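To start, the structure under review is shown below, and the notes come after it.
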Amino acid sequence: MNTIYLDHAASTPVHPEVMETMLRVMKDHYGNASSVHAFGRAAKRLVNESREQIALLAGCRTDELVFTGGGTESDNLALFGAAKANRHRGRHIITTQVEHHAVLHACRQLEKEGFELTHLPVDKYGIVHPEQVEEAIRPDTILVSVMYANNEVGTIQPIREIAEVTAARGVLFHVDAVQAFGKLPIDTSKLAVDLMSFSAHKINGPQGVGALYIRQGTPLDPLFFGGLQERKRRAGTENIAGMAGFAAAASLASRQLPVLGEQDELMRLTLLQALQLHVGAENYHLNGHPEAGYRLPHIVNISFPACDTETMLMNLDLEGIAAASGSACSSGSLEPSHVLAAMNLPQIFLRSAIRFSFGLGNTREELEKTAEKIGTILNRLRNRR
Ligand code: PLP
Numbered sequence: 007m008n009t010i011y012l013d014h015a016a017s018t019p020v021h022p023e024v025m026e027t028m029l030r031v032m033k034d035h036y037g038n039a040s041s042v043h044a045f046g047r048a049a050k051r052l053v054n055e056s057r058e059q060i061a062l063l064a065g066c067r068t069d070e071l072v073f074t075g076g077g078t079e080s081d082n083l084a085l086f087g088a089a090k091a092n093r094h095r096g097r098h099i100i101t102t103q104v105e106h107h108a109v110l111h112a113c114r115q116l117e118k119e120g121f122e123l124t125h126l127p128v129d130k131y132g133i134v135h136p137e138q139v140e141e142a143i144r145p146d147t148i149l150v151s152v153m154y155a156n157n158e159v160g161t162i163q164p165i166r167e168i169a170e171v172t173a174a175r176g177v178l179f180h181v182d183a184v185q186a187f188g189k190l191p192i193d194t195s196k197l198a199v200d201l202m203s204f205s206a207h208k209i210n211g212p213q214g215v216g217a218l219y220i221r222q223g224t225p226l227d228p229l230f231f232g233g234l235q236e237r238k239r240r241a242g243t244e245n246i247a248g249m250a251g252f253a254a255a256a257s258l259a260s261r262q263l264p265v266l267g268e269q270d271e272l273m274r275l276t277l278l279q280a281l282q283l284h285v286g287a288e289n290y291h292l293n294g295h296p297e298a299g300y301r302l303p304h305i306v307n308i309s310f311p312a313c314d315t316e317t318m319l320m321n322l323d324l325e326g327i328a329a330a331s332g333s334a335c336s337s338g339s340l341e342p343s344h345v346l347a348a349m350n351l352p353q354i355f356l357r358s359a360i361r362f363s364f365g366l367g368n369t370r371e372e373l374e375k376t377a378e379k380i381g382t383i384l385n386r387l388r389n390r391r
C-alpha cells in the first residue's frame, strides 16, 4: 500500500543531503570534541562550523547559541535556567494556555518549586495579545514565555510586539520557536527576545538535537553539570553528527524558505479545495487563523463533526494515511486538545479535530487523495447509522 505521511509537525523525514552529511561525520569523525589531539580538534571544528550555520539562520552570534538534545530540552533549559538565575528578583512567570507541553509541564514543575504562574488566554484563533502580557506583568515578574507559532493549529503570535512590552518592562522573554524555525524568517538580532528554542527534526534534520538562543548577557543557570562543553551551559559530550545534520538542515531551510513556503500554501489550498469537493464545506470546520501571515502554511487543523478524532485517525491509518490529533494521548484514550479548548471551540469541534501537516516528499495528488478518502470514510459512517 502506498502510504501518505501528513504528520510533519510531529517529525519530518530527514533530507538526503542531511543524511549524507551525518553519515560522513559518523564515518570520519569519532574523536571527542574536548580532546586536544588532532581527532578531537577536528570534531571541535565541526561543532564550531555547525554552530555558525545555525547562527546564520537565527540571526545571532555563535556564542549566543547552545546545542541541546532537542526542543524539549531547549524549553526546559530556558525556563528552569532563567527562573533559577533570577529567583532573587521575583517568582512570577507568565506563559499562555496554548504552549507545547514542553513548556506547560516545565511550568507546572516550577510551580511546585515555589514559582507563581499566570497562563494567558487566547482569542478564537489562538492569538495572545500584547496588551494581555502588559496587564499581566507584575513587579515580581521575571520571565514571559510565548511560542512563536502553535504546533496544533499553526497560529503565529505577535512576537515582535510582545517583545517590545517585555523589553520596556525589563522582563526576560523566552520564545518557543520549534515550529516556526526554518518556516518563517526569524532574525533574533532584530527582536527583543532573550531566549529562543529550536529543534532539528521539524526541519528535515535528525531527531534528538536542538539549540537554545541565549542573548548575550542573559542570566541563565545550567540544567546539567559535568564537563565544560557549550561554555558550561550544557555539559556532556557533543552529538557531532546530530549537530552537523541540524546545520545542514538549517542551511537547506534558509536557502529554500520562500519557495517552500509558497509550495506549502499551494498544498494547503489543494487540501481545502479537495475537501470542499469530496466532503462539502458544511461538513468540516477549519480551526486556527484562516489568513496567511497569521498562521504557518504547513499546518492545517480541521474538525469533521460527524466523526470523532480517534475514529477518523484510525480509518485514515487503515488507508495508509498518517495524520494526527492535536491531543495528547494518555492511557490509550485521546484527551481533547488544550489548545482548541483555550480557543473556546464547541465540544463537537474539540472531539473531531485532525491535524494535517505536510512538507518534504508530499505531493498535491496525495492531498487530493486524502480528501477523497475522508469523503469515503464519512459516507461509510453515515450509511452505517
Ligand atoms: N515546542 C513545540 C512548539 C513543539 O511543536 C515541539 C515538538 O513537537 C517541542 C517544543 C518539543 O521539541 P522536541 O520534539 O525536539 O523535543
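To get our numbering, take the position in the sequence shown, counting from 1, and add 6. For glycine and all other residues, C-beta sits at the position ideal for the given N, C-alpha and C. Everything numeric in this text was worked out from a predicted model, so none of it was measured.
- Here DSSP, grouped into helix, strand and coil, assigns residue 102 to strand.
- Taking the Cα of residue 89 as reference, the smallest distance to any Cα among 105, 71 and 109 is reached at 109.
- Taking a C-beta distance under 8 Å as the contact criterion, residue 229 and residue 87 qualify as a contact pair.
- Per DSSP, reduced to three states, the secondary structure at residue 122 is strand.
- DSSP places residue 201 in the strand class (E or B) of the three-state scheme.
- With three or more CB-CB distances shorter than 8 Å, the region 285-300 counts as touching the region 367-385.
- Straight-line measurement puts the Cα of residue 329 at about 22 Å from the Cα of residue 297.
- Nearest C-alpha to residue 379 among 391, 323 and 273: 323.
- Within 7 Å of the C-beta of residue 185 there is at least one heavy atom belonging to the ligand PLP.
- Under the three-state reduction of DSSP output, residue 230 falls in the coil class, being neither helix nor strand.
- Looking at the DSSP output, residue 217 shares a beta bridge with 73 and 204.
- With contacts defined by Cβ atoms closer than 8 Å, residue 363 and residue 15 form a contacting pair.
- In terms of side-chain proximity, the C-beta atom of residue 217 is found no nearer than 7 Å to any non-hydrogen atom of the ligand PLP.
- Placement of the Cβ of residue 202 at a distance of 7 Å or more from every heavy atom of the ligand PLP is found.
- Counting the other CB atoms within 10 Å of its CB gives residue 44 a total below 16, which places it among the exposed residues.
- Take the alpha-carbon of residue 389 and the one of residue 136: they are about 48 Å apart.
- Looking at the DSSP output, residue 151 bridges to 180.
- For residue 354, no beta strand (DSSP E) run applies; the uninterrupted alpha helix (DSSP H) run containing it begins and ends at 353-356, by DSSP.
- By the neighbour-count criterion, in which 16 or more other beta carbons inside 10 Å mark a residue as buried, residue 391 falls on the exposed side.
- At a threshold of 7 Å, residue 13 does not count as near the ligand PLP, since its beta carbon sits no closer than that to any of the ligand's heavy atoms.
- Sorting 39, 159 and 259 by C-alpha distance to the C-alpha of residue 305 places 159 at the top.
- Contact between residue 39 and residue 49 holds, since their C-beta atoms are separated by about 4 Å, short of 8 Å.
- The C-beta distance from residue 105 to residue 151 rounds to 7 Å, short enough to meet the 8 Å contact threshold.
- Taking a C-beta distance under 8 Å as the contact criterion, residue 361 and residue 321 do not qualify as a contact pair.
- Cβ-Cβ distances below 6 Å link residue 295 to 131, 161 and 301 in the same chain, with the five nearest sequence neighbours on each side left out; the list follows chain order.
- Distance between residue 311 and residue 293, taken at the CA atoms: about 12 Å.
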